[in-house]
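Chemist: Just so you know, we're using the working numbering here: the sequence shown kicks off at 9 and counts up by one.
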Amino acid sequence: MATANVIVDRSQGVAPVQRRVFGSFVEHLGRCVYTGIYEPGHPTVDEHGFRGDVLALVRELGVSTIRYPGGNFVSGYRWEDGVGPLAQRPRRLDLAWHSLETNEVGLDEFAGWCRLAGCEPMLAVNLGTRGVQEALDVLEYANHPGGTALSDQRVANGSTEPHDIRMWCLGNEMDGPWQVGHLSAGEYGALAAKTAAAMKMVDPTLELVACGSSGSQMPTFGEWERVVLEAAYDHVDYISAHAYYQEHDGDLDSFLASSLDMEYFIETVVATADHVRYKLRKERAIAISFDEWNVWYQSRFEKSGTIAEGWPVAPRLLEDVYSVADAVVVGSLLITLLKHSDRVRSASLAQLVNVIGPIMTEPGGPAWRQTTFFPFATTARLAVGQVLKPRVETGTYATARHGDAPMVDAVATHDAATGSAAVFLVNRSREAAGVRIDVSDLGVGGVSEALTLADADPYATNTREQPDRVQLRATTAVLTDGLVSVELPPVSWTALALAPSAELSPISAAHSRVRLATTRWWGSRG
Ligand code: AHR
């Protein structure tokens, strides 16, 4: 068995845990909205047409912000189509997904659903076929209290209180040739700057996200961010990042190390944003909104040619069924996002339901958790307080795509208010790893939860027929003299919750720290 040491120390603080890192994404795509969150006639439906079973799972998932309504969809969307009396809402062609949009769900319904789910809505404006005026219009409709044409229209439509949407995306993936209204970096930078400046004239406290790159493999990656930020720096707060990963041609080893690409992505964008910052002599740093990330088997989607034929309503698109290995990668991507909490202040798991989602549904039938649900829900629940970036001493394994990859990766959080802590670990390798975690500096008293996601078959999935085939299981983690010992199965993700040491007096706590300091050399030689 391989071994690894993880040394956690309060001096390794990165930043407070950003709740918005646990965001997700609802796009008018496939069955994410229709028969996903919304399905009149479903046995669990509420008076607004929302599925109660899905709402319960969304709450359990612990999602913070939800990006809406796209995605590629937003670049051809007219927000006005989705407000007002249902019977008068037009049906439109959605060019992005070759589907028919009925507009039964729009801004007011989505904002209402977010309130029920306990989530913060994050809205994208259309900068594909539209521009400054339409962005201002939807902002006035959504956020102005009343007494203007558009805010009064919202009130008349039944939303008496403003939706008070704080985060706004200035278009979507405008660097992608597939995007309706695709622009060059120069063109987009100018449009984003104008739109953002005007939106901030309405409300300077808005948080605005400029489109960054749709992937680190884009030929314009890096240069796009530079050009866009040079144009829009004064008016925007975030630059977006999007990344999807999949196992290519049976290369599980590379796939399990996908977070190395995410790390490279984040560090490149930070370097570029800081280059622009210093070049323009700005004090304020730009944050990253990693507002699309996940495992997505894009090659299956492309092969199936599934851009639907005949403009169907809510076709089955991008309904990836996730395996244990996929969930391990999701858990490891979350570790990477947390480790960069100083700059990644918002992120959205794309997407929420049915469409590459952690939640699946059948029309008229059940809803269930995909494997990827578990690392997300557990991290969102246990990561509280300050993010700590531990020292990880581990062996490496060779990958075709990412070179030598560390077998074990980890991040920790520590809540100074309660004294509790959490450690999240991934074992990317095909062999088990015995890990010793030195938490002596945290002064914790015991392991209150130890949960692992692993399976003898890394390709095991949850399906309608077997919705609970894959679950988290309790594992053994022992805290002795400030060292937690835990065995990480091959291809696994693990979360440990550490309870505060209530019983230790300050003197005996200091004592145990001295004693533990003497054992640390051993911990680090492993
Ligand atoms: O999440 C699916 C699609 O991926 C989104 O619509 C788009 O923004 C990205 O390319």
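Ideal placement from N, C-alpha and C gives every residue a C-beta, glycine not left out. These figures come from a predicted structure and were not determined experimentally.
1. For a test of your reading of the model: does the CB of GLN378 fall under 7 Å from any non-hydrogen atom of ligand 2? Yes or no.
2. Less than 7 Å between the CB of GLN394 and some heavy atom of ligand 1, yes or no?
3. Just confirm the distance between the C-beta atoms of MET175 and MET130, as a whole number of angstroms; I'd bet it's less than 8 Å.
4. Looking at SER262: is its Cβ nearer than 8 Å to the Cβ of ALA408?
5. Who are SER297's beta bridge partners in DSSP?
6. Using only the alpha-carbon positions, how far apart do PRO383 and THR156 sit?
7. Could you tell me the alpha carbon to alpha carbon distance between ALA164 and GLU215, rounded to whole angstroms?
8. Are ALA468 and ARG477 touching if we call contact CB-CB under 8 Å?
9. Taking the CB atoms as reference points, tell me whether ILE74 and CYS122 lie closer together than 8 Å.
10. Taking ASP417 as the reference, which of LYS347, ASP423, PRO466, ARG377 has the closest Cα?
11. Using alpha carbons as the reference points, say which of ALA482, LEU268, SER224, VAL395 lies closest to ARG27.
12. Around the Cβ of THR213, are there at least 16 other Cβ atoms within 10 angstroms (buried) or fewer (exposed)?
13. Could you compute how far the alpha carbon of LEU69 sits from the alpha carbon of SER509?
14. Taking the straight line between their C-alpha atoms, what separation do you get for VAL235 and GLN141?
15. Below 7 Å, is the gap between the Cβ of SER6 and the nearest heavy atom of ligand 1?
16. Got a sec, what are the start and stop residues for the alpha helix (DSSP H) CYS177 sits in?
17. Given 7 Å as the limit, tell me if HIS2 has its C-beta closer than that to any heavy atom belonging to ligand 1.
18. What does the Cβ neighbour count give for MET207, buried or exposed, with the cut at 16 atoms within 10 Å?
19. Checking the sheet assignment: what are the DSSP bridge partners for ARG59?
20. Measure the CB-CB distance between VAL455 and LEU491 and report whether it falls below 8 Å.
21. So, helix, strand or coil for VAL66, using DSSP?
22. For the segment 58-127, which segments carrying the beta strand (DSSP E) assignment without a break, of at least 3 residues, lie completely within its bounds, in sequence order?
23. Under 7 Å: does the beta carbon of HIS36 sit that close to some heavy atom of ligand 1?
24. Give the straight-line distance between the Cα atoms of ASP328 and VAL431, rounded to the nearest whole angstrom.
25. Identify which residue in TYR76, TYR149, GLY38, LEU94 has its Cα closest to the Cα of HIS106.
26. Between which two residues does the beta strand (DSSP E) containing THR404 stretch?
27. Under DSSP, the beta strand (DSSP E) around THR369 begins and ends at which residues?
28. Please classify ASP102: is it buried, with 16 or more other beta-carbons within 10 angstroms of its beta-carbon, or exposed?
29. DSSP state of TYR305, grouped into three classes?
30. Determine whether the beta carbon atoms of ALA12 and VAL443 lie at a separation below 8 Å.
31. Do GLY179 and CYS219 have their beta-carbon atoms positioned less than 8 Å apart in this structure?
32. Mind checking ILE15: buried by the 16 CB within 10 Å criterion, or exposed?
33. Between VAL22 and ASP350, which are expected to be in contact by the criterion C-beta below 8 Å, what is the C-beta distance as a whole number of angstroms?
34. Nearest to ALA355 by CA position, among ARG438, VAL71, LEU237, VAL66, is which residue?
35. Ligand 1 heavy atoms versus the CB of ALA4: any closer than 7 Å?
36. Smallest Cα separation from PRO24: which of GLY79, GLY393, ALA388?
Modeler: Let's see:
1. With respect to ligand 2, the structure offers nothing, as its ligand set consists of ligand 1.
2. Counted from its first residue, the sequence shown places residue 394 at position 386. No, ligand 1 has no heavy atom inside 7 Å of this Cβ.
3. Locating residue 175 in the sequence shown gives position 167, counting from the first residue. Locating residue 130 in the sequence shown gives position 122, counting from the first residue. The Cβ separation is near 4 Å, so the contact holds.
4. Indexing the sequence shown from 1 puts residue 262 at position 254. Indexing the sequence shown from 1 puts residue 408 at position 400. Yes, the pair counts as a contact, with Cβ atoms nearer than the cut-off.
5. Position 289 of the sequence shown, counting from 1, holds the residue named residue 297. Beta-bridge pairing links SER297 to SER248, SER354.
6. The count along the sequence shown starts at 1 and reaches residue 383 at position 375. The count along the sequence shown starts at 1 and reaches residue 156 at position 148. Between PRO383 and THR156, the C-alpha separation is close to 45 Å.
7. On the sequence shown, position 156 is the one that residue 164 refers to. On the sequence shown, position 207 is the one that residue 215 refers to. Approximately 27 Å between the Cα atoms of the pair.
8. Indexing the sequence shown from 1 puts residue 468 at position 460. Indexing the sequence shown from 1 puts residue 477 at position 469. Contact: yes.
9. In the sequence shown, counting from the first residue as 1, residue 74 sits at position 66. In the sequence shown, counting from the first residue as 1, residue 122 sits at position 114. Closer than 8 Å, so yes.
10. In the sequence shown, residue 417 corresponds to position 409, counting from 1. Considering only alpha carbons, the answer is LYS347.
11. To locate residue 27, count along the sequence shown from 1; it is residue 19. Check the Cα spacing between ARG27 and each of ALA482, LEU268, SER224, VAL395: the tightest is with VAL395.
12. Here residue 213 refers to the residue found at position 205 when the sequence shown is read from its first residue. By the 10 Å Cβ count, THR213 comes out exposed.
13. What you label residue 69 is simply residue 61 of the sequence shown in a count that begins at 1. What you label residue 509 is simply residue 501 of the sequence shown in a count that begins at 1. One C-alpha to the other measures close to 28 Å.
14. Translated into positions along the sequence shown, residue 235 becomes position 227. Translated into positions along the sequence shown, residue 141 becomes position 133. In this structure, the CA atom of VAL235 is about 23 Å from the CA atom of GLN141.
15. Nothing can be reported for residue 6: it is not among the residues displayed for the chain, which extend from 9 to 534.
16. Along the sequence shown, read from residue 1 onward, the residue named residue 177 stands at position 169. No alpha helix (DSSP H) holds CYS177; the beta strand (DSSP E) holding it covers 175-178.
17. With the chain running from 9 to 534 in the structure shown, residue 2 is simply not present.
18. Along the sequence shown, read from residue 1 onward, the residue named residue 207 stands at position 199. Buried is the call here.
19. Residue numbering aside, residue 59 sits at position 51 when the sequence shown is read from its first letter. BP columns for ARG59 point to VAL53.
20. Position 447 of the sequence shown, counted from the first residue, corresponds to residue 455. Position 483 of the sequence shown, counted from the first residue, corresponds to residue 491. Cβ distance not < 8 Å, so VAL455 and LEU491 don't count as in contact.
21. The residue given as residue 66 occupies position 58 in the sequence shown. Reduced to three states, the DSSP call for VAL66 is helix.
22. 73-76, 100-102, 107-109
23. Here residue 36 refers to the residue found at position 28 of the sequence shown. Not a single heavy atom of ligand 1 lies less than 7 Å from the C-beta of HIS36.
24. Against the sequence shown, residue 328 aligns to sequence position 320. Against the sequence shown, residue 431 aligns to sequence position 423. Distance between the alpha carbons of ASP328 and VAL431 is about 29 Å.
25. As a first step, residue 106 is located in the sequence shown; it is residue number 98 there, counting from the start. Of the listed residues, the one whose Cα sits closest to HIS106 is GLY38.
26. As a first step, residue 404 is located in the sequence shown; it is residue number 396 there, counting from the start. Per DSSP, THR404 belongs to the beta strand (DSSP E) from 404-407.
27. For the purposes of this step, residue 369 is taken as residue 361 along the sequence shown, with counting starting at 1. In the DSSP annotation of this structure, the continuous segment of the beta strand (DSSP E) that includes THR369 starts and ends at 367-369.
28. What you label residue 102 is simply residue 94 of the sequence shown in a count that begins at 1. By the 10 Å Cβ count, ASP102 comes out buried.
29. Position 297 of the sequence shown, counted from the first residue, corresponds to residue 305. In the structure shown, TYR305 sits in coil (DSSP, three-state: anything other than H, G, I, E or B).
30. For the purposes of this step, residue 12 is identified with residue 4 of the sequence shown, where counting begins at 1. For the purposes of this step, residue 443 is identified with residue 435 of the sequence shown, where counting begins at 1. Yes, the Cβ-Cβ distance between ALA12 and VAL443 is below 8 Å.
31. Start at 1 with the first residue of the sequence shown, and residue 219 comes out as number 211. Start at 1 with the first residue of the sequence shown, and residue 179 comes out as number 171. Yes, the Cβ-Cβ distance between CYS219 and GLY179 is below 8 Å.
32. Start at 1 with the first residue of the sequence shown, and residue 15 comes out as number 7. ILE15 counts as buried, since at least 16 other C-beta atoms from the protein chains shown sit within 10 angstroms of its C-beta.
33. As a working note, residue 22 is residue 14 in the sequence shown. As a working note, residue 350 is residue 342 in the sequence shown. That belief holds up - the Cβ atoms of VAL22 and ASP350 are roughly 5 Å apart, short of 8 Å.
34. Taking the sequence shown and counting its residues from 1, one reaches residue 355 at position 347. Minimum Cα distance to ALA355 is reached at VAL71.
35. As shown, the chain starts at 9 and ends at 534. That puts residue 4 outside it, with no answer to give.
36. In the sequence shown, counting from the first residue as 1, residue 24 sits at position 16. Closest by alpha carbon: GLY393.
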